[in-house]
Amino acid sequence: MAITEFLLFILTATLGGMFLCGANDLITIFVAPECFSLCSYLLSGYTKRDLRSNEATMKYLLMGGAKLFYSGSWFLLAIWFIWGGDRASRNCEWSYQYTNV
Numbered sequence: 001m002a003i004t005e006f007l008l009f010i011l012t013a014t015l016g017g018m019f020l021c022g023a024n025d026l027i028t029i030f031v032a033p034e035c036f037s038l039c040s041y042l043l044s045g046y047t048k049r050d051l052r053s054n055e056a057t058m059k060y061l062l063m064g065g066a067k068l069f070y071s072g073s074w075f076l077l078a079i080w081f082i083w084g085g086d087r088a089s090r091n092c093e094w095s096y097q098y099t100n101v
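For the sequence shown, counting from 1, position 84 maps to 84 in UniProt numbering; every step adds exactly one.
Okay, structure coming up:
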């Protein structure tokens with residue numbers, strides 16, 4: 001792999017982390033860590049010729065998929081309940097609603 005692909009993965013992971021830090025929407029809070037983790041999966045298998053790197057990538061990908069399935073489904077269910085109760089997915093709308101009670 002070339003250095004450009006390595007830098008692309010690093011910058012995309014950094015971008016996912018920055019989106020997570022500045023997130024004020026529920027969907028962004030769900031998607032940004034997935035962007036970060038996907039780039040982490042790809043970076044763990046950056047050296048294709050090393051067998052340990054390939055094994056680590058497969059294990060990391062399977063464990064990450066299991067995490068997304070179990071905790072991600074609960075998180076999406078919580079988002080659905082919050083949106084269904086308030087019809088608001090942005091944090092600034094929540095703060096406005098609950099300070100004027």
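Ideal placement from N, C-alpha and C gives every residue a C-beta, glycine not left out.
Contained alpha helix (DSSP H) runs [length at least 4] in the region 10-94, N- to C-terminal order: DSSP runs (the alpha helix (DSSP H)) wholly in the region 10-94: 26-44, 51-86.
Whether residue 40 touches residue 13 by CB criterion (8 angstroms): Along the sequence shown, read from residue 1 onward, the residue named residue 40 stands at position 40. Along the sequence shown, read from residue 1 onward, the residue named residue 13 stands at position 13. Yes, they are a contact pair.
CB contact flag (residue 53, residue 46, <8 angstroms): Against the sequence shown, residue 53 aligns to sequence position 53. Against the sequence shown, residue 46 aligns to sequence position 46. Between residue 53 and residue 46, the C-beta gap is smaller than 8 angstroms, which places the two residues in contact.
C-beta atoms of residue 19 and residue 79 nearer than 8 angstroms: Stepping through the sequence shown from its first residue, residue 19 is reached at position 19. Stepping through the sequence shown from its first residue, residue 79 is reached at position 79. Cβ atoms of residue 19 and residue 79: not closer than 8 angstroms.
Sequence-distant residues of the same chain with beta carbon closer than 8 angstroms to residue 71, five excluded per side: Taking the first residue of the sequence shown as 1, we reach residue 71 at position 71. Short of 8 angstroms from the beta carbon of residue 71, and not among the five residues preceding or following it, lies no beta carbon of its own chain.
Beta-carbon separation (whole angstroms), residue 16 vs residue 35, contact threshold 8 angstroms: Position 16 of the sequence shown, counted from the first residue, corresponds to residue 16. Position 35 of the sequence shown, counted from the first residue, corresponds to residue 35. That belief holds up - the Cβ atoms of residue 16 and residue 35 are roughly 3 angstroms apart, short of 8 angstroms.
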